[in-house]
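The sequence shown begins at 3 in our numbering and counts up one residue at a time.
Taking it in order: structure first as structure tokens, then the write-up.
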Amino acid sequence: MCKKVKFKLLRIGVLALQGDVSEHIETTDMALREMNVEGEVITIKRENQIDKVHGLIIPGGESTTIGRIAEHYGLLSKIRDASSAGMPIFGTCAGLILMAKHVRDAMTGKIEQPILGILDVEVIRNAFGRQRESFESYIEIPKIGKACFPGIFIRAPAVSSVLSDEVEVLASYEGKIAAIQQDNRIGIAFHPELTTDTRFHEFFIELILKSPFIEGEGFFKLEEENIHERE
Ligand code: GLN
């Protein structure tokens, strides 16, 4: 049963410099509808747009490209500031790489690329191999529900070490950490936006609705306590 929630417009941003932006927009829209939450999803291309959203999604794609463009437009420091202020951030694949504190490439060992450093983890790029080793597998993620989640791994990274107690491991695949949460930041190695399963996006929306970042703004009031219940 979903309960209807009424509040002022929720706005979620998708960083739109490169990668699977439209897929995230679509899945987030689907998740909002699923939850009966009124909101809109907008693309973020410039740093002044960050102030307009209550949560940010960083898509999969090519982390070096996204990182370089984001740095060029002053988006990296702006996102870092928003994150310290409590804004919920959700990164998938390249997004996870960008959020990590340390990054290494499994093939080249190279470590130099612009990143955000907002998740206390080290991430290895291409940890599951290159493009031709991409695969799909159902994985268990108890925090988002009993049914296994369809994990699409495309040149996927993995978390190679967790650097603080604040980091919660949400899922692993073949001994490699594939999804984590640190406070209101989520980083996952696979691509929920390429599936029709909206549970990860719903989980992120719930984080936004509960976040002190929203409450701090003072205009974002829920009229019902229960945000969302899933059968
Ligand atoms: N391997 C890519 C990178 O390093 C990430 C792949 C993806 O987002 N599907 O950016």
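In this text, a Cβ means the ideal position worked out from N, Cα and C, and glycines have one as well.
None of the values given here were measured: they were computed from a predicted structure.
What's the C-alpha gap between residue i and residue j?
i	j	result
residue 161	residue 57	23 Å
residue 155	residue 172	16 Å
residue 19	residue 45	9 Å
residue 92	residue 74	21 Å
residue 54	residue 15	8 Å
residue 99	residue 72	14 Å
residue 131	residue 106	13 Å
residue 138	residue 117	27 Å
residue 193	residue 28	13 Å
residue 33	residue 200	5 Å
residue 59	residue 43	10 Å
residue 50	residue 158	30 Å
residue 215	residue 150	31 Å
residue 210	residue 11	12 Å
residue 126	residue 41	34 Å
residue 163	residue 102	10 Å
residue 113	residue 104	8 Å
residue 47	residue 148	36 Å
residue 143	residue 152	10 Å
residue 225	residue 30	Because the pLDDT of residue 225 is 48, which lies under 50, any placement of that residue in the model is unreliable, and the number read from its coordinates should be weighed accordingly. Residue 225 and residue 30: Cα-Cα distance of roughly 22 Å.
residue 115	residue 146	32 Å
residue 222	residue 94	Legend: pLDDT at residue 222 = 43, less than 50; position of this residue unreliable, value from coordinates given subsequently. In a straight line, the C-alpha of residue 222 is about 27 Å away from that of residue 94.
residue 135	residue 87	38 Å
residue 17	residue 198	21 Å
residue 165	residue 184	11 Å
residue 227	residue 213	Annotation note: pLDDT 47 at residue 227 (below 50); position unreliable, coordinate value reported separately. The alpha-carbon atoms of residue 227 and residue 213 are separated by roughly 14 Å.
residue 182	residue 133	23 Å
residue 231	residue 208	Low local confidence applies: a pLDDT of 46 at residue 231 is under 50, so the model's placement there is unreliable, and no value is given.
residue 111	residue 13	38 Å
residue 52	residue 63	20 Å
residue 169	residue 141	19 Å
residue 76	residue 85	15 Å
Strictly by DSSP, which residues pair up with residue i?
i	result
residue 23	For residue 23, which the question treats as bridged, DSSP gives no partner whatsoever.
residue 131	Its beta-bridge partners do not exist; DSSP assigns none.
residue 110	Looking at the DSSP assignment, residue 110 forms no beta bridge with any residue, so it has no partner.
residue 104	124
residue 175	178
residue 184	169, 187
residue 94	190
residue 46	17
residue 141	151
residue 12	41
residue 163	124
residue 81	BP columns for residue 81 are empty, so no partner.
residue 57	14
Between residue i and residue j, how many whole angstroms is the CB-CB distance? I'm expecting something under 8 Å.
i	j	result
residue 108	residue 128	5 Å
residue 195	residue 90	Not confirmed; about 16 Å, so no contact.
Could you tell me whether any Cβ in chain B is nearer than 7 Å to the Cβ of residue i?
i	result
residue 14	Included in the structure is just one protein chain, with no chain B present.
Under 5 Å from any heavy atom of ligand 1, by CB: list those residues in chain order, please. Every residue passing the under-5 Å Cβ criterion appears here: 62, 64, 65, 95, 96, 127, 156, 157.
Quick test of the definition: if touching needs 3 or more C-beta pairs under 8 Å, does the stretch 23-36 touch the stretch 68-84? The stretch 23-36 makes no contact with the stretch 68-84, as fewer than three CB pairs between them are under 8 Å.
Check whether the stretch 63-72 and the stretch 177-184 touch, using three or more Cβ-Cβ pairs below 8 Å as the test. With contact defined as three or more Cβ pairs closer than 8 Å, the stretch 63-72 and the stretch 177-184 are not in contact.
Evaluate the contact criterion for the stretch 119-129 versus the stretch 180-189: three or more CB pairs, one atom per stretch, below 8 Å. In this structure the stretch 119-129 touches the stretch 180-189; the number of beta carbon pairs closer than 8 Å is three or more.
Counting pairs of Cβ atoms below 8 Å between the stretch 191-207 and the stretch 27-42, do you hit three or more? Inter-segment contact for the stretch 191-207 and the stretch 27-42 is present: three or more beta-carbon pairs are separated by less than 8 Å.
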